[in-house]
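FYI, the UniProt record's numbering numbers position 3 of the sequence shown as 3, with every residue one higher than the one before it.
A virtual CB, placed ideally from N, CA and C, is assigned to each residue, including glycine.
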Amino acid sequence: MELDARLQADCHPICELTESRLLLMNNALVDWFILVPHCEEIELTRLPFAQQTAILSEVNLVARYLQQHCKPDKLNIATLGNVVSQLHIHVIGRKHTDPYWPAPVWGQAERLDYTETQIEQIRQSFTEFVQQENQ
């Protein structure tokens with residue numbers, strides 16, 4: 001399945017999970033991951049319930065990673081699809097100190113690109129986290 005061009009331009013690939021591809025939004029001001037399920041369906045609710053449950057397990061995995069490694073004050077989890085119709089799920093760790101708080105993260109002009117070193121550290125950290133979770 002091909003990744004939407006906008007997601008490809010805005011994100012860095014982190015890893016492939018069983019049900020979805022995990023991306024990192026290229027904005028180091030907010031801890032922001034995106035899960036893109038391996039399917040053609042654009043609505044989560046139209047997927048078979050077993051697949052919805054499996055995807056939710058991956059959402060929860062990313063949420064646990066954020067809680068453990070980023071210590072957010074609040075988790076935001078959303079599927080919008082108004083701009084990018086390809087099914088994707090935002091899992092965002094929000095902090096009272098982030099520059100957008102309490103406003104939504106979407107459409108904000110201020111951003112900071114990740115360095116290649118930071119991206120690789122996040123990939124490694126997430127991989128290690130998943131390995132620990134699977135023990």
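What is the DSSP secondary structure of residue i, reduced to helix, strand or coil?
| i | result |
| --- | --- |
| Asn134 | coil |
| Asp73 | coil |
| Glu16 | strand |
| Ala5 | helix |
| Ala54 | helix |
| Ala63 | helix |
In whole angstroms, what separates the C-alpha of residue i from that of residue j?
| i | j | result |
| --- | --- | --- |
| Asp10 | Leu23 | 9 Å |
| Pro48 | Cys39 | 11 Å |
| Leu7 | Gln135 | 32 Å |
| Glu128 | Tyr65 | 10 Å |
| Leu35 | Gln67 | 17 Å |
Can you name the residues that DSSP bridges to residue i?
| i | result |
| --- | --- |
| Phe33 | Leu24, Val91 |
| Cys11 | Met25 |
| Ala78 | His90 |
Using beta-carbon positions only, say whether residue i and residue j come within less than 8 Å of one another.
| i | j | result |
| --- | --- | --- |
| His96 | Asn76 | no |
| Asn26 | Asp113 | yes |
| Gln86 | Ile42 | yes |
| Glu116 | Leu29 | no |
Report yes if the C-beta of residue i is less than 7 Å from at least one heavy atom of the ligand FAD; otherwise report no.
| i | result |
| --- | --- |
| Thr97 | Absent from the structure shown: the ligand FAD. Ligands present: none. |
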